[in-house]
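Reminder that position 116 of the sequence shown reads as 116 in the UniProt record's numbering, one-by-one numbering, no gaps.
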Amino acid sequence: MGELHYIAFEDEATDIKDKVESYWTKRAESFFDLRHDEIESKKANRWLEEIEKLLSSGKQLNILDVGCGTGFFEVILGRAGHKVTGIDLTPEMVSRANEMIGMYGLDRENVKAITGDAEHLPFDDESFDVVISRNLTWTLPHPIDAYTDWFRVLKKGGMLINFDAEYAKGAHNLKSPENLAHSKISDALKDECHDIYHMLTISMLDRPMWDESVLCHIGYGNVNVDLSFGDRIFIEHDEFYIPDKMFCVSALKPCK
1 MGELHYIAFE DEATDIKDKV ESYWTKRAES FFDLRHDEIE SKKANRWLEE
51 IEKLLSSGKQ LNILDVGCGT GFFEVILGRA GHKVTGIDLT PEMVSRANEM
101 IGMYGLDREN VKAITGDAEH LPFDDESFDV VISRNLTWTL PHPIDAYTDW
151 FRVLKKGGML INFDAEYAKG AHNLKSPENL AHSKISDALK DECHDIYHML
201 TISMLDRPMW DESVLCHIGY GNVNVDLSFG DRIFIEHDEF YIPDKMFCVS
251 ALKPCK
């Protein structure tokens, strides 16, 4: 990616990915419960409304959820009639995602989760109408490679929607009483998460302005940054609330 590769992204990523996978394996059970409760909350409709405003297609779409976790987007987008494939590095998360999909009685031919690497997707070029992601990019040792591969699998005219936050810059918030989403997580796991933050170059960048620049460089068009997105979702200070401000970056793959 030309000058973008001069940013000091990690050359030895295996150890980082192993640590990320280990962390989320430990989190899988409690994360499943949290996302199930979120599906049953008012926030699920808010998420769906925000996503549908961006899509504005009115038809069934073939959607890839990168970093699917325990299947939140699979359920809310699958119930809306879309075909959804989730992919996650952590096998235990994938197992939980498929459990969540089954719990809500969704057709496993159209809604499913598989194990795979967000930076090297196992899909053909131009396979998906939409690539969507939530709270994944901050965990990636090579986010430029990921954004490039997501561009590859998008159909012409397809949309990228990425929800994330500068979690590392608010790392002290992990043990804050205001961080209600992490209130039931052990201090040992919070420390492990904190260590991951500071292993990653992306943690030192100014986001989402950096993301916007990268997407334009790769060739995405109509790049839009929404800094107030999180405020519209996390209205209540409840068990889903994190003080770090979530943003939304959306972009299109040009038709030509």
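Beta carbons: idealized from backbone N, C-alpha and C, even for Gly.
- With respect to the C-alpha of K83, the residue from C68, M93, R108 having the closest C-alpha is R108.
- By the 16-neighbour rule on beta-carbons within 10 angstroms, A118 is buried.
- Annotation: S203 is outside any alpha helix (DSSP H) and is labelled neither H nor E by DSSP.
- A188 is positioned such that its CB atom lies no closer than 8 Å to that of T90.
- Here C193 is buried: its Cβ has 16 or more other Cβ atoms, across all protein chains shown, within 10 Å.
- Secondary structure at K83: strand, using DSSP grouped into helix, strand and coil.
- In the assembly as shown, I235 is an exposed residue. Its beta-carbon has fewer than 16 other beta-carbons within 10 Å.
- The residue from G116, L34, P122 with its alpha-carbon nearest to that of M100 is L34.
- Taking C-beta atoms as the reference points, V94 and A113 count as a pair closer than 8 Å.
- Close CB contacts of D125 within its chain, under the 7 Å cut and outside five residues either way in sequence, are with R152, V153 (chain order).
- The alpha-carbon of R232 is positioned some 31 Å away from that of G116.
- According to DSSP, T137 shares a beta bridge with no other residue.
- For N45, the three-state secondary structure derived from DSSP is helix.
- Between the region 155–168 and the region 125–135, the count of C-beta pairs closer than 8 Å reaches three or more; the two stretches touch.
- Straight-line spacing of the CA atoms in D65 and F247 works out to 17 Å.
- Remark: three or more beta-carbon pairs, one from each stretch, lie closer than 8 Å, so the region 59–75 and the region 31–50 are flagged as touching.
- Here DSSP, grouped into helix, strand and coil, assigns F163 to strand.
- The beta-bridge partner set that DSSP reports for A251 consists of L160.
- Taking C-beta atoms as the reference points, Y23 and I196 count as a pair closer than 8 Å.
- Beta-bridge analysis with DSSP links F128 to L154.
- Per the coordinates, the alpha-carbon of D88 lies some 14 Å from the alpha-carbon of W150.
- Taking the Cβ atoms as the reference, E74 lies roughly 5 Å from V111, within the contact range of under 8 Å.
- Under the 10 Å beta carbon count, S56 is surrounded by fewer than 16 other beta carbons and is classified as exposed.
- When T148, L200, T25 are compared, the shortest CA-CA separation from A168 is found for L200.
- Annotated as proximal: G78 and L106, with beta-carbon spacing under 8 Å.
- Distance from the CA of F229 to the CA of K256, rounded to the nearest whole angstrom, comes to 30 Å.
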